[in-house]
Amino acid sequence: MRERPTDGVLVRLDRWLTRFAHLVALLGMLGLGGAMLATVLDVGLRPLDEGLFGVVDLVQLGVMAAAWLAIPYAFLTDSHVSVDLLAQTLPSRFASLLKALGAGLAAGLMALILFYGWQAAAQQAQFGDLSQTLGLPRTWYWAPLLFGAALSVLATVLIAVSALLAALRGAPPGRERA
Amino acid sequence: QEHQLRLSHFLPPVHGIHTDFLQPWAEELAACSGGQVAVEIFPGGTQLGNVAKQQEQVLAGVVDIAHGLHGLPRGRFPRTSVIDLPFLTESADAASRTLWALLPDYLAEEYQGLKVLALHAHNGGLIHTRGTRVATMDDMRGLRIRTPSPAISMMLESLGAIPQGMPPGQVYENLEKGVIDGTVFPWDPVRSFRLAEVLDHHLDARAYTVSFFFVMNQRSYDRLPAEVQACIDETSGEALVARFGEWWDAWDAPGLAAATEKGNAVAVLSDAERDRWRAALEPMIEAYLDALEEQGVDNAREIYAKAQEYVARFEAN
Amino acid sequence: MSDPVFGLLAFLFALLLVLLRVPVAIAMGVVGVGGFAILNGWFGAAFVLGAAPFEAVFPYSLSVVPLFVAMGVFAARAGLSQNLYQAAGAFIGRARGGLAMATIGACAAFGAICGSSLATAATMGKVSLPEMRRFGYANSLAAASIAAGGTLGVLIPPSILLVIYGLLTETSIGQLFVGALIPGLLATLLYMGAVYVQTRLNPELAPAAAKPARGHRLASLKRVWAVALLFFVVIGGIYWGWFSPTEAAAIGAFGAILLTAVTGQLTWRVLLEAAEETARTTGMIFLILVGAALFNYFIETSGLPRLLTAWVEGAGLAPLTVLLLIMLFYLLLGCFMDSLSMILLTVPFVFPVVAELGIDPVWFGILLVTAAEIGLITPPIGMNLFVIQGVVPGLRQATIIRGILPFLAADGLRLCLLIAVPALTLWLPGRL
Ligand code: NA
Ligand code: NA
Chain A
1 MRERPTDGVL VRLDRWLTRF AHLVALLGML GLGGAMLATV LDVGLRPLDE
51 GLFGVVDLVQ LGVMAAAWLA IPYAFLTDSH VSVDLLAQTL PSRFASLLKA
101 LGAGLAAGLM ALILFYGWQA AAQQAQFGDL SQTLGLPRTW YWAPLLFGAA
151 LSVLATVLIA VSALLAALRG APPGRERA
Chain V
179 QEHQLRLSHF LPPVHGIHTD FLQPWAEELA ACSGGQVAVE IFPGGTQLGN
229 VAKQQEQVLA GVVDIAHGLH GLPRGRFPRT SVIDLPFLTE SADAASRTLW
279 ALLPDYLAEE YQGLKVLALH AHNGGLIHTR GTRVATMDDM RGLRIRTPSP
329 AISMMLESLG AIPQGMPPGQ VYENLEKGVI DGTVFPWDPV RSFRLAEVLD
379 HHLDARAYTV SFFFVMNQRS YDRLPAEVQA CIDETSGEAL VARFGEWWDA
429 WDAPGLAAAT EKGNAVAVLS DAERDRWRAA LEPMIEAYLD ALEEQGVDNA
479 REIYAKAQEY VARFEAN
Chain W
496 MSDPVFGLLA FLFALLLVLL RVPVAIAMGV VGVGGFAILN GWFGAAFVLG
546 AAPFEAVFPY SLSVVPLFVA MGVFAARAGL SQNLYQAAGA FIGRARGGLA
596 MATIGACAAF GAICGSSLAT AATMGKVSLP EMRRFGYANS LAAASIAAGG
646 TLGVLIPPSI LLVIYGLLTE TSIGQLFVGA LIPGLLATLL YMGAVYVQTR
696 LNPELAPAAA KPARGHRLAS LKRVWAVALL FFVVIGGIYW GWFSPTEAAA
746 IGAFGAILLT AVTGQLTWRV LLEAAEETAR TTGMIFLILV GAALFNYFIE
796 TSGLPRLLTA WVEGAGLAPL TVLLLIMLFY LLLGCFMDSL SMILLTVPFV
846 FPVVAELGID PVWFGILLVT AAEIGLITPP IGMNLFVIQG VVPGLRQATI
896 IRGILPFLAA DGLRLCLLIA VPALTLWLPG RL
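Protein chains in written order, with my numbering: chain A, 1 to 178; chain V, 179 to 495; chain W, 496 to 927.
Written as structure tokens, this is what we have:
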């Protein structure tokens with residue numbers, strides 16, 4: 001259960017960001033659908049001794065998009081697994097504080113992934129790295145990772161701030177997701 | 179020990195590269211240094227054993243020494259990739275010595291920040307198929323063949339086949355399920371990846387090779403005391419490169435044995451047919467060299483000519 | 496402090512963070528990066544941060560994960576897994592605890608086309624949990640039977656773990672798959688036995704279901720045609736070589752969508768909801784893969800796993816003792832790690848010991864996957880337990896853990912049987 005912000009500005013930000021992450025996640029699912037169709041087409045063409053050239057490259061691109069564009073949405077819908085054994089026994093203030101801790105650590109980690117991922121991507125772009133069969137630029141594969149990591153930073157910062165405010169005010173843990 | 183070195187590679191710890199080459203090398207280095215150095219090996223299957231990360235992690239200093247494939251990720255070693263061109267070399271010995279001879283004048287640029295301990299390449303590769311017998315070029319038409327490098331992809335396309343890129347570890351499954359009709363490989367994986375089980379024809383075309391690097395982070399090397407550096411110099415370089423011919427023969431032998439034991443058909447590409455393939459591939463080789471030049475390797479043709487010269491010299495003795 | 500000791504402490508710190516409600520993936524990732532930086536300097540950690548998040552998602556073989564998730568989601572939307580479950584329920588659902596047994600059976604059937612236990616647990620969870628709740632089953636039994644049943648997805652071939660083990664150790668994948676058949680069947684029966692025994696002892700866990708009307712069994716079989724067709728295409732396709740197990744996931748997902756359309760369930764709304772659900776699960780699983788990769792870089796360079804195996808090797812014990820110790824080691828490790836990273840991390844060091852002792856590699860592979868898969872349902876870090884929690888918001892961790900104990904007992908019994916009677920594993924491959 002995620003404590004939603006009760007503060008006016010944060011509520012609007014939360015709603016806007018969740019809606020945006022939702023769209024981004026759906027875009028990732030389009031990538032997954034593309035990977036699926038590419039594979040089906042490749043298998044379907046097989047009896048005709050034909051095939052879709054570079055299908056593995058395409059599938060990898062689709063899965064990269066699916067995974068990394070879905071990660072921020074999973075943060076905002078509280079789909080990432082956590083163990084609430086201890087939190088359930090604590091007063092809600094402490095539970096909110098723990099929530100803020102988790103989201104804060106997540107924000108830090110995602111920011112590091114973004115920063116060093118960016119550097120690695122720049123290095124690979126400089127090397128002129130290409131996908132194995134089709135020769136697509138590796139940057140295409142990095143794009144969803146970097147975008148997903150950046151959006152995850154925003155999402156987790158928002159969650160951390162909301163939870164921290166809830167903990168400080170001792171307010172009942174905001175409205176819950178329907 | 180005062181110095182702990184990390185060595186990573188991408189092959190399973192049961193592979194000859196681990197058991198015959200890297201592990202004894204590490205022991206030799208430890209002995210030579212009088213126990214001052216210990217080498218910890220991270221083989222394939224560990225986080226540090228990712229085939230596509232060997233070059234980057236040794237450059238970053240996460241490991242001190244790495245053994246990797248030049249072709250993965252593709253395009254990192256364009257100059258060295260000249261050795262990938264089809265029908266350039268048949269023997270691991272000649273190919274390895276050629277790479278070493280080319281290194282100082284033609285390839286060194288690609289190894290900045292690294293101390294190159296050895297370069298090597300496997301024996302001329304075969305075309306292995308399941309369900310289809312390949313004897314002539316025409317038999318290649320429409321076959322889906324797994325390819326290790328862009329040069330071999332171009333070769334297969336020129337021969338009428340459909341190249342499929344995939345990691346070596348997935349070849350078994352995809353052959354078994356008929357996703358691909360065959361693969362190019364030397365003999366070694368036929369046994370080490372158990373491919374004999376799912377293959378039934380082997381055409382000894384000696385068509386191509388794939389090359390490997392064995393490198394050390396320059397800063398890691400510079401940090402070591404002079405007597406340890408001397409030990410590393412002693413156990414690497416030309417003397418090490420000279421051993422790969424024998425090693426590759428030894429690693430390949432069980433592959434042929436496994437195929438024969440299963441009763442697979444093993445054929446050798448006739449010299450006449452081989453010449454036909456070679457002629458058909460001339461335009462492809464030109465195109466590959468053009469592409470290298472476009473990438474900024476201005477002397478690609480010179481490197482190729484030099485490689486041919488060295489191969490001829492080393493194959494003669 | 497030596498590196499391995501530091502590794503062990505960091506390991507415990509990660510567990511503490513998890514207990515403090517930090518998402519599992521984040522706890523593993525943060526401790527992994529921090530520990531790696533302390534051991535190897537920030538330069539090294541920077542490399543790992545640039546490499547691991549990409550490489551943990553990039554491998555082609557991982558495409559089965561989101562696609563099997565999508566297949567399960569659509570199969571559930573089309574009522575496919577529901578039909579499968581109801582068919583199993585029609586035959587054994589009337590017995591006390593029958594719906595939980597039907598869950599196990601349906602999981603086993605689903606596992607025969609699905610290489611991932613997470614996907615199996617997630618898919619069957621959607622279908623069977625509401626049903627068991629409807630008939631008044633205790634939450635603990637309902638959730639645990641799905642978490643346990645989900646592990647069948649990894650043991651019953653095709654199995655990603657067996658393929659990876661086979662490639663790492665040069666063991667025949669065909670032999671491993673065939674070798675896993677009887678142990679997989681055994682696991683199914685023992686899980687059903689665990690349901691039977693606990694519902695006998697405590698009838699409140701599972702009220703007897705209403706007696707189905709005459710002809711119910713036949714009717715339920717009629718509705719299974721779509722499931723059978725999808726399973727036939729996917730399994731048949733794998734076994735007769737129309738496509739690879741990796742591709743099977745795409746075919747399966749496509750088939751499930753097609754069947755949703757054929758049964759008239761495919762509206763824009765359903766498509767949207769299914770996409771949302773797939774996205775949430777996909778994001779969750781891949782973030783864990785990323786966290787595990789960061790964590791494993793660190794654990795690996797700390798030398799902890801190697802110290803443990805060197806210790807086992809150095810003790811000079813009989814092969815059977817070593818085998819038992821290794822299994823114990825994996826069971827302990829499985830409490831804290833996911834099965835895939837566990838295998839990736841330890842096999843390179845454990846297998847040489849095993850090989851030197853002359854232990855059969857196929858037998859060991861099945862034992863290893865069995866032990867690793869038990870780790871999926873052992874608290875505190877059991878992936879299938881988390882998946883069930885993800886499927887059923889509001890379900891308490893303690894409830895699931897209470898319910899899982901009888902299934903862990905069944906797992907223990909199975910492991911003992913497999914060790915005591917190697918023929919259970921080796922007889923079938925030997926007939927090939
Ligand atoms: Na399975
Ligand atoms: Na566990």
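A virtual CB, placed ideally from N, CA and C, is assigned to each residue, including glycine. Predicted, not measured: the structure shown is a model, and the values here were computed from it.
On the DSSP letters alone, give me the boundaries of the beta strand (DSSP E) that residue i sits inside.
i: Leu-295/V; result: 292-299
i: Phe-220/V; result: 215-220
i: Phe-363/V; result: 360-363
i: Leu-304/V; result: 304-307
Kindly list the residues whose CB is nearer than 7 Å to the CB of residue i, restricted to its own chain and excluding five residues on each side of it in sequence; keep chain order.
i: Pro-499/W; result: Ser-797, Gly-798, Leu-799 and Leu-802
i: Arg-308/V; result: Leu-353, Asp-359, Gly-360, Val-376, Leu-377 and Asp-378
i: Val-215/V; result: Gln-179, His-181, Leu-183, Leu-207, Ala-208 and Val-406
i: Ala-167/A; result: Arg-93, Ser-96, Leu-97 and Ala-100
i: Leu-130/A; result: Leu-136, Pro-137 and Arg-138
i: Gly-54/A; result: Thr-133 and Leu-134
i: Leu-76/A; result: Leu-17, Thr-18, Ala-21 and Ala-155
Near residue i, which residues of its chain fall below 6 Å by C-beta distance, leaving aside the five closest residues on each side in sequence?
i: Ser-370/V; result: His-193
i: Phe-422/V; result: Ala-270, Ser-274 and His-298
i: Glu-218/V; result: Arg-184
Could you name the residues that DSSP lists as bridge partners for residue i?
i: His-245/V; result: His-187/V and Phe-392/V
i: Gly-343/V; result: Thr-325/V
i: Ala-445/V; result: Leu-381/V
i: Gln-235/V; result: Note: Gln-235/V sits in no beta bridge, so no partner.
i: Pro-208/A; result: Chain A is shown from 1 up to 178; residue 208/A falls before or after that span and cannot be answered.
i: Gln-182/V; result: Ala-216/V
For the alpha helix (DSSP H) containing residue i, list its first residue and its last residue.
i: His-22/A; result: 8-45
i: Leu-913/W; result: 892-915
i: Thr-865/W; result: 856-869
i: Gly-62/A; result: 55-76
i: Thr-873/W; result: First-last for Thr-873/W: undefined, no H or E at that position.
i: Gln-201/V; result: 201-210
i: Leu-250/V; result: Careful: Leu-250/V lies outside any alpha helix (DSSP H) and carries neither H nor E.
i: Arg-275/V; result: 270-280
i: Glu-287/V; result: Premise fails: Glu-287/V is in no alpha helix (DSSP H) and is neither H nor E.
i: Asp-366/V; result: 366-370
i: Gly-170/A; result: Careful: Gly-170/A lies outside any alpha helix (DSSP H) and carries neither H nor E.
By Cβ distance below 8 Å, which residues in the same chain neighbour residue i in space, the five residues on each side in sequence not counted?
i: Ala-178/A; result: Here Ala-178/A scores only 28 on pLDDT, less than 50, and its place in the model is too uncertain to base an answer on.
i: Ile-599/W; result: Ser-640, Ala-643, Gly-644, Leu-647, Thr-683, Tyr-686, Met-687 and Val-690
i: Ala-431/V; result: Trp-365
i: Leu-226/V; result: Arg-184, Ser-186, Phe-220, Gln-235, Val-240 and Val-241
Taking 7 Å as the cut-off, is the CB of residue i close to at least one heavy atom of ligand 4?
i: Val-43/A; result: Of the ligands this structure carries, namely ligand 1 and ligand 2, none is ligand 4.
Is there contact between the segment 530-542 of chain W and the segment 554-564 of chain W, where contact requires at least three CB pairs shorter than 8 Å? no
Counting only runs of 3+ residues fully inside the segment 103-133 of chain A, write out the beta strand (DSSP E) ranges in chain order. none
Under 8 Å: do the segment 277-287 of chain V and the segment 339-355 of chain V share three or more Cβ pairs, one atom per stretch? For the pair of segments examined, the segment 277-287 of chain V was found not to touch the segment 339-355 of chain V: the number of CB pairs separated by less than 8 Å stays below three.
Can at least three beta-carbon pairs, one atom from the segment 322-342 of chain V and one from the segment 28-42 of chain A, be found at a separation below 8 Å? When C-beta atoms of the segment 322-342 of chain V are compared with those of the segment 28-42 of chain A, fewer than three pairs fall below 8 Å, so the two segments do not count as touching.
Mind listing, in chain order, the continuous beta strand (DSSP E) runs of no fewer than 3 residues lying wholly within the segment 421-483 of chain V? 443-446
Count the CB pairs spanning the segment 669-689 of chain W and the segment 641-656 of chain W that are closer than 8 Å, and state whether there are at least three. yes
Sequence ranges, alpha helix (DSSP H) only - wholly within the segment 719-803 of chain W, length at least 4: 720-734, 740-757 and 763-797
Counting beta carbon pairs with one atom in the segment 503-511 of chain W and one in the segment 766-775 of chain W, are three or more of them shorter than 8 Å? no
Kindly confirm or deny that the segment 16-34 of chain A and the segment 147-166 of chain A touch, where touching means at least three C-beta pairs closer than 8 Å. Contact holds: three or more Cβ-Cβ distances are below 8 Å.
For the pair the segment 474-489 of chain V and the segment 254-263 of chain V, tell me if three or more CB-CB distances fall below 8 Å. yes
Between the segment 843-863 of chain W and the segment 901-909 of chain W, can you find at least three pairs of beta-carbon atoms closer than 8 Å? no
Between the segment 518-525 of chain W and the segment 814-826 of chain W, are three or more C-beta pairs nearer than 8 Å? In short, these stretches do not touch, since the Cβ pair count stays below three.
Evaluate contact between the segment 586-600 of chain W and the segment 621-628 of chain W, counting only Cβ atoms and requiring at least three cross-stretch pairs below 8 Å. yes
Any 3 or more C-beta pairs closer than 8 Å across the segment 300-317 of chain V and the segment 511-522 of chain W: no
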